[in-house]
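First comes the structure, then the notes that go with it.
There are 2 protein chains.
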Amino acid sequence: MTQENTEISILTIGDELLIGQVIDTNSAWMARELNASGFYVKRRVAVGDNRDEIWKALDEESAHARIILITGGLGPTADDITKPLLASYFGTRLVINKDVLAHVEHLFKNVFGRPMIERNKKQAEVPESCTVIHNSRGTAPGMWFEKNGRIYASMPGVPHEMQGIMKDSIIPTLLERFTTGAILHRTLLTAGIGESFLAERIEAWETALPPELKLAYLPNLGMVRLRITGRGKDERELDELLTTQFEALKNLVAEWLVTDQDDTLPKLVSRLLRNSSKTLATAESCTGGFIAHLLTKEPGASDFFIGSIVSYANQVKKELLSVKEETLSQFGAVSEETVIQMTKGALVALGTDYALATSGIMGPDGGSPDKPVGTVWIAAGNRERIITHTFSFRHDRLLNIELTANHALNLLRKLILGIAR
Amino acid sequence: MTQENTEISILTIGDELLIGQVIDTNSAWMARELNASGFYVKRRVAVGDNRDEIWKALDEESAHARIILITGGLGPTADDITKPLLASYFGTRLVINKDVLAHVEHLFKNVFGRPMIERNKKQAEVPESCTVIHNSRGTAPGMWFEKNGRIYASMPGVPHEMQGIMKDSIIPTLLERFTTGAILHRTLLTAGIGESFLAERIEAWETALPPELKLAYLPNLGMVRLRITGRGKDERELDELLTTQFEALKNLVAEWLVTDQDDTLPKLVSRLLRNSSKTLATAESCTGGFIAHLLTKEPGASDFFIGSIVSYANQVKKELLSVKEETLSQFGAVSEETVIQMTKGALVALGTDYALATSGIMGPDGGSPDKPVGTVWIAAGNRERIITHTFSFRHDRLLNIELTANHALNLLRKLILGIAR
């Protein structure tokens with residue numbers, strides 16, 4: 001099979017996507033998983049719960065791709081129109097599927113512990129010509145259709161149900177059916193250098209890249225991720241080529257290199273702490289617990305993360321983190337002196353090897369001529385040493401919080417690695 | 422102008438969207454803002470950094486919509502191909518725009534404080550036939566094109582830059598150009614009733630809805646949001662119709678009604694606390710600071726939020742929240758007794774009117790036959806009363822955290838309103 005034959009279009013259905021009430025995280029998840037298995041997502045399209053629009057989109061995406069993956073529109077309620085439409089589109093009718101009905105009955109009886117109502121039985125209806133895909137995590141089944149050499153798979157829009165169906169059935173089946181070419185990625189993360197400067201720095205190298213390799217710049221939260229994507233027939237050859245070019249790139253950006261893995265900063269810092277058997281606490285004012293969340297949303301955080309004191313009010317900074325009253329009155333809560341004392345206070349109060357502290361004005365209110373909105377102080381320390389940094393962010397509140405958290409984790413990384421200036 | 426004439430297609434450009442490295446939050450934001458201004462987003466399409474694909478998508482979306490809003494592909498680096506393509510697509514050539522160049526020079530000199538390099542000058546290149554849209558937040562300008570009765574506006578993909586251009590220029594210009602029909606929404610949030618049961622409960626009402634109104638079910642984090650969308654020519658008439666039907670719906674679901682505003686639970690709880698001048702602290706084990714983050718990411722949280730003790734390790738539960746050693750050894754950290762003591766401890770340690778506590782096993786590891794992954798205890802309390810609830814979630818770690826936080830905020834809401842059982 002050639003590359004063309006395994007091109008995929010993702011079609012998501014739902015009015016909620018077109019009025020912006022929900023963010024489409026399904027497409028990103030699907031794209032990531034498919035890509036890792038060597039499939040190429042060519043397009044992503046979202047349309048509303050409208051019969052004509054869905055029908056037209058199915059026609060159009062069939063012209064763009066060989067495989068069309070559909071999510072959404074399979075819930076039990078009246079705003080769902082996808083299933084009858086699919087029956088018409090594939091020239092068949094809806095019938096009750098006995099296996100699905102038994103599964104729905106089982107879920108209501110043994111898992112939900114609720115009586116089943118008539119409407120729930122409709123979940124067991126499927127277009128007669130489809131191959132039913134078992135949904136172990138919910139009532140709405142997946143459905144697999146083939147028509148004019150195209151494959152169509154429809155899944156519910158509930159993320160963990162869609163993910164189960166993709167992992168258990170769709171991807172394994174696609175892998176059986178298609179021998180894909182190899183797609184390999186190498187990713188590194190830089191900090192402290194802007195996108196343009198980075199581009200200038202690596203221009204000669206980038207221009208000389210062989211055609212199988214493509215470079216992408218992915219700026220995010222004040223840092224720039226660089227990703228080389230390679231496509232080829234022979235995986236081993238491609239891997240060698242990528243390795244050579246990636247090493248060259250790493251040398252060029254060594255000064256700003258954060259990691260040469262496709263890793264987030266929280267995961268990277270977690271690994272450094274876990275591998276060195278050190279513990280961490282955070283003392284968060286302006287980030288309000290967000291750093292603690294970034295660390296604890298990953299499995300195994302209890303290996304190194306002891307806890308956090310979110311000292312939103314000054315009274316908490318004083319009482320639980322032993323920040324001195326005169327420090328607050330002389331320098332203010334957003335100051336180097338305060339974050340240093342917060343760090344010391346967290347090391348003592350939570351008894352950890354490392355501590356991280358943040359204090360800043362996240363906006364939109366609370367700024368002053370002296371300390372405008374976006375002024376931030378961060379500190380990272382252990383028993384021997386405390387290092388600090390200040391920033392002047394110019395963004396909205398949430399982005400200011402995210403940037404502060406990201407830079408704080410990077411400061412901690414430098415402290416742990418002993419590369420802080 | 423009729424409705425058809427203000428239909429919008431959003432086209433996002435970038436390989437990073439097709440390999441799932443970033444989640445497309447821009448489209449949701451744009452859809453929300455456009456919708457609030459009476460514009461209807463008909464389709465959302467994402468394609469990669471590929472000339473042919475972008476060209477084809479421009480052709481196709483021109484057939485679907487009157488207005489095509491494009492984001493992405495305008496950065497200063499070599500992976501960006503959108504600008505030359507737009508010049509070709511609209512039959513013109515790239516020229517340096519003096520105003521944009523002056524703005525870029527100003528940013529480098531006065532804001533970034535960095536020397537400007539040759540590559541940055543390219544940011545000032547625009548297709549000669551376009552109307553330049555000022556980007557006050559960054560170097561890449563927006564561009565407005567008209568062709569064959571269609572409007573095309575291109576913006577950078579950096580969220581806060583795109584948002585500035587949309588708010589300052591695109592939406593005001595569209596409002597001037599088009600007299601749109603009215604689009605109004607009414608939204609309510611329910612808790613404690615499944616989607617199917619809700620649908621059964623309101624079926625007769627829903628079936629009798631006039632054709633201008635449409636109901637959508639938006640289940641999220643264990644709760645169901647219901648949204649009525651109305652479209653019509655006369656805003657006042659539509660508003661009256663919506664009000665009547667919304668009141669009827671509210672009566673039908675009164676038992677499960679959380680709010681009749683399009684509000685998130687954190688915002689709702691924040692308002693309740695602010696309006697009653699009460700303070701809150703959280704004592705978070707399994708949610709790891711996520712509740713504190715949900716509350717502090719909204720402006721003005723310091724009005725009521727004092728702080729949090731994220732007691733991830735048991736030692737912190739004991740030392741800072743005064744949870745008794747024998748409670749932990751007899752009942753375990755994930756128990757009703759522990760969350761009650763955590764709540765009391767937070768009320769005392771942080772000196773607040775209310776406190777919220779969570780403890781659970783978020784997975785994927787850490788479960789036991791007795792307390793499987795997903796077992797959660799939450800408590801909400803003040804000096805007079807502490808109420809608790811337990812859950813058995815069956816999802817992945819992040820969703821378990823989000824569900825726990827959401828249900829904890831709902832428990833606090835019930836306590837504040839005095840409607841807890």
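Protein chains in written order, with my numbering: chain R, 1 to 421; chain Y, 422 to 842.
The C-beta atom is built at its ideal place from N, Cα and C for all residues, glycine as well.
Small disclaimer: the values here were computed from a predicted structure and weren't measured.
Sub-8 Å separation of residue i and residue j beta-carbons
i: aspartate 541 of chain Y; j: valine 521 of chain Y; result: A small fix is needed here, since residue 541 of chain Y is asparagine in this sequence, not aspartate. No. Outside cutoff.
i: alanine 714 of chain Y; j: phenylalanine 290 of chain R; result: The question names alanine, but residue 714 of chain Y is histidine in the sequence shown. Going by C-beta atoms, histidine 714 of chain Y is nearer than 8 Å to phenylalanine 290 of chain R.
i: isoleucine 623 of chain Y; j: leucine 663 of chain Y; result: no
i: valine 339 of chain R; j: serine 359 of chain R; result: yes
i: phenylalanine 460 of chain Y; j: threonine 492 of chain Y; result: no
i: isoleucine 193 of chain R; j: threonine 229 of chain R; result: no
i: alanine 467 of chain Y; j: leucine 439 of chain Y; result: yes
i: methionine 564 of chain Y; j: proline 548 of chain Y; result: yes
i: aspartate 822 of chain Y; j: lysine 297 of chain R; result: In the sequence on display, residue 822 of chain Y carries isoleucine and not aspartate. Cβ atoms of isoleucine 822 of chain Y and lysine 297 of chain R: closer than 8 Å.
i: methionine 763 of chain Y; j: serine 729 of chain Y; result: no
i: leucine 238 of chain R; j: proline 266 of chain R; result: no
i: leucine 209 of chain R; j: leucine 218 of chain R; result: no
i: valine 258 of chain R; j: leucine 175 of chain R; result: no
i: alanine 449 of chain Y; j: valine 253 of chain R; result: no
i: leucine 272 of chain R; j: arginine 137 of chain R; result: no
i: leucine 94 of chain R; j: methionine 30 of chain R; result: no
i: proline 785 of chain Y; j: proline 299 of chain R; result: yes
i: serine 9 of chain R; j: alanine 65 of chain R; result: yes
Closest by C-alpha distance to residue i, when choosing among the options
i: asparagine 97 of chain R; options: R:Pro141, R:Tyr89, R:Glu61, R:Arg114; result: R:Pro141
i: alanine 301 of chain R; options: Y:Met783, Y:Thr779, Y:Ala486, Y:Leu596; result: Y:Met783
i: alanine 87 of chain R; options: R:Glu235, R:Glu402, R:Pro364, R:Phe145; result: R:Phe145
i: isoleucine 133 of chain R; options: R:Met116, R:Lys147, R:Met162, R:Val158; result: R:Met162
i: proline 84 of chain R; options: R:Glu61, R:Val334, R:Trp55, R:Val41; result: R:Trp55
i: glutamate 627 of chain Y; options: Y:Glu676, Y:Glu481, Y:Gln666; result: Y:Gln666
i: arginine 43 of chain R; options: R:Arg51, R:Ala63, R:Glu53; result: R:Ala63
i: alanine 191 of chain R; options: R:Gly418, R:Leu411, R:Leu415; result: R:Leu411
i: glycine 466 of chain R; options: R:Leu238, R:Val348, R:Ile401, R:Lys371; result: Here chain R comprises residues numbered 1 to 421, so residue 466 of chain R is not present and cannot be evaluated.
i: leucine 819 of chain Y; options: Y:Leu716, Y:Thr708, Y:Ile429; result: Y:Thr708
i: leucine 221 of chain R; options: R:Gly20, R:Thr404, R:Ile386; result: R:Thr404
i: leucine 213 of chain R; options: R:Phe197, R:Leu198, R:Lys233; result: R:Lys233
i: isoleucine 799 of chain Y; options: Y:Leu749, Y:Ser789, Y:His810; result: Y:His810
i: valine 224 of chain R; options: R:Ala199, R:Asn50, R:Ala333; result: R:Ala199
i: threonine 264 of chain R; options: R:Asn110, R:Asn406, R:Ala333; result: R:Asn406
i: isoleucine 808 of chain Y; options: Y:Asp786, Y:Leu838, Y:His816; result: Y:Leu838
i: aspartate 59 of chain R; options: R:His185, R:Asn148, R:Gly73; result: R:Asn148
i: serine 813 of chain Y; options: Y:Ala829, Y:Arg806, Y:Arg804, Y:Thr796; result: Y:Thr796
i: serine 706 of chain Y; options: Y:Ala734, Y:Gly441, Y:Gln544, Y:Val532; result: Y:Ala734
Anticipated Cβ contact below 8 Å, residue i with residue j, distance rounded
i: glycine 12 of chain R; j: asparagine 35 of chain R; result: Looking at the sequence provided, one finds threonine at residue 12 of chain R rather than glycine. That pair is no contact at about 17 Å.
i: threonine 187 of chain R; j: arginine 227 of chain R; result: 5 Å
i: glutamate 746 of chain Y; j: lysine 739 of chain Y; result: 6 Å
i: aspartate 587 of chain Y; j: glutamate 454 of chain Y; result: A small fix is needed here, since residue 587 of chain Y is methionine in this sequence, not aspartate. Between glutamate 454 of chain Y and methionine 587 of chain Y the Cβ distance is about 6 Å, and since that is below 8 Å, they are a contact.
i: serine 37 of chain R; j: isoleucine 171 of chain R; result: 5 Å
i: serine 154 of chain R; j: threonine 82 of chain R; result: 7 Å
i: glycine 14 of chain R; j: glycine 73 of chain R; result: 6 Å
Three-state secondary structure (DSSP) of residue i
i: arginine 231 of chain R; result: strand
i: histidine 524 of chain Y; result: helix
i: arginine 657 of chain Y; result: helix
i: phenylalanine 305 of chain R; result: strand
i: glycine 360 of chain R; result: strand
i: methionine 537 of chain Y; result: coil
i: arginine 487 of chain Y; result: coil
i: alanine 561 of chain Y; result: coil
i: arginine 818 of chain Y; result: helix
i: proline 720 of chain Y; result: coil
i: histidine 134 of chain R; result: coil
i: proline 593 of chain Y; result: helix
i: phenylalanine 391 of chain R; result: strand
i: glycine 164 of chain R; result: helix
i: serine 129 of chain R; result: coil
i: serine 9 of chain R; result: strand
i: leucine 619 of chain Y; result: helix
Subject >> Stretch-stretch touch, CB-based, cutoff 8 Å, three pairs: the stretch 279 to 288 of chain R with the stretch 347 to 363 of chain R >> reply: yes
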